[in-house]
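At the far end of the sequence shown sits residue 322, using the UniProt record's numbering, and the numbering has no gaps.
Take a look at the structure below.
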Amino acid sequence: MRQAGRYMKSYQVICEKYPSFRERSENVDLVVEISLQPWKVFKPDGVILFSDILTPLSGMNIPFDIVKGKGPVIFDPIHTAGQVDQVREFIPEDSVPYVGEALTILRKEVDNKAAVLGFVGAPFTLASYVVEGGSSKHFSKIKRLAFSEPKILHSLLQKFTTSMARYIQYQADNGAQAVQIFDSWATELSPVDFEQFSLPYLKQIIDTVKKSHPELPLILYASGSGGLLERIALTGVDVVSLDWTVDMADGRRRLGPNIAVQGNVDPGVLFGSRELITDRIYDTVRKAGRGKHILNLGHGIVVGTPEENVAHFFEVAKGIRY
Ligand code: CP3
């Protein structure tokens, strides 16, 4: 989840000096520096590449920006077959060489003291941004496309699928030791529509990457995934990230014994007392049971979270003995 981010003073200082998100996330030195900020302070077991799921878009001929106070903006939202034809397949080494360089440097800096983690957006979630033009509340534009012109949406989803499989391979080849796929908005779909517009594409990405990189752990996150867990288990992913709307013991049972779980502490808990934070960590750990669990928050750290509470989370987590 988002480790770096606006809750850290040190990140805010960089944002003042470099106000453009694109610059912060596309300049190798800044990417490395920001990725290492939380690791230097809290020493988590994973270091997340500082980037965004939308970073590949410009290399696919979809111009975008991330605007302060507004979030992602797609300049020319996609609605027609002609526009989908203009979408280029993503060649990471040509379009985002700074990602590979940053991952390589991060591996050296971290020196196996933590795992370096990459990530990509899932086809449906990326499509939701490029069709809606940015963040959305009702997802009406992508649903209009899904339910009136499904062929157009499917051809866009296929382009993202091929491109993101290649992007995961590129990240792994340059040092990422596990990669998370974010299908943040998949749960906006009903289960039957998830089976059409998300599941087959996730499966295709996972199958492709498993063929070339069988040892690379793949993690899948979807916000509010409680209605979809059995279907998510069908993707073939190694680890499922659970947010806090699912009871960890239920999630575990519904995903079955072969899938590891990550999460599922509510990031809002970090606004509570040290005792509350400790209790919630133990509750999640107890419910997850032994093994196959990565303790984590159920989503990114919220802006305004006291850094000392984040430090407390790590102190408690590191003190747990099985
Ligand atoms: O841990 C890390 O530091 C990794 C960095 C990371 C970012 N985005 C940086 C970022 C990761 C893992 C993401 C993933 C991402 N981006 C997702 C999937 C995760 C999720 O939240 O479900 C999504 C949907 C996006 C798209 C996106 N990028 C949105 C909706 C926003 C606006 C969010 C907001 O609160 O304003 C962004 C911008 C963004 N990406 C920020 C960060 C730290 C905040 C803006 C900034 O720092 O200037």
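From the three backbone atoms N, C-alpha and C, an ideal C-beta is built for every residue, glycine too.
Note that the structure is predicted; figures quoted are calculated from it, not measured.
Taking the CA atoms as reference points, T80 sits about 11 Å from P150. For N112, there is no enclosing alpha helix (DSSP H), since its DSSP letter is neither H nor E.
If you check the CB distance, I181 and V84 do not come in under 8 Å.
No residue range can be given for H213, since it is assigned to no alpha helix (DSSP H) and is classified by DSSP as neither H nor E.
Assigned with DSSP and collapsed to three states, G236 falls in coil, not helix or strand.
Beta-bridge partners assigned by DSSP to G100: none are found. Ranked by Cα distance from L199, the options T104, R6, F124 are led by F124. Runs of beta strand (DSSP E) with 3 or more residues, each lying fully within the stretch 37 to 77, are found at 46 to 48, 64 to 67, 71 to 74, listed in chain order.
8 Å or more divides the Cβ of F50 from the Cβ of L57.
Here I205 is near T161, since their CB atoms are less than 8 Å apart. Assignment of beta strand (DSSP E) within the stretch 259 to 315, counting only whole runs of 3 or more residues, yields 260 to 265, 293 to 297 in chain order. By the 16-neighbour rule on beta-carbons within 10 angstroms, P257 is exposed. Membership of A165 in the alpha helix (DSSP H) is indicated by the continuous run 150 to 173.
The stretch 315 to 322 and the stretch 18 to 37 do not touch, with fewer than 3 CB-CB distances between them shorter than 8 Å.
Residue state for G133 is assigned as coil, using DSSP reduced to three classes. In the three-state reduction of the DSSP assignment, V120 falls in the strand class. Boundaries of the alpha helix (DSSP H) harbouring I14: 9 to 17, taken from the DSSP string.
The residues S136, F139, I142, W185, in chain order, have a CB closer than 7 Å to that of S128 in the same chain once the five nearest residues on each side in sequence are set aside. Under the three-state reduction of DSSP output, S241 falls in the strand class. Checking the DSSP bridge columns, you'll see L220 partnered with I181, V240. With 16 or more other CB atoms across the displayed protein chains lying within 10 angstroms of its CB, E188 is buried. Annotation: the continuous alpha helix (DSSP H) that includes V192 extends over 191 to 197.
For G82, the enclosing alpha helix (DSSP H) covers residues 81 to 86. Per DSSP, the continuous alpha helix (DSSP H) segment holding R22 begins and ends at 21 to 26. A contact between stretches requires three or more CB pairs, one per stretch, nearer than 8 Å, and the stretch 205 to 224 fails this requirement with the stretch 247 to 257. Within its own chain, no residue has a Cβ closer than 7 Å to the Cβ of Q158 once the five positions on either side in sequence are excluded. When I105, H312, I294, G236 are compared, the shortest CA-CA separation from S273 is found for H312.
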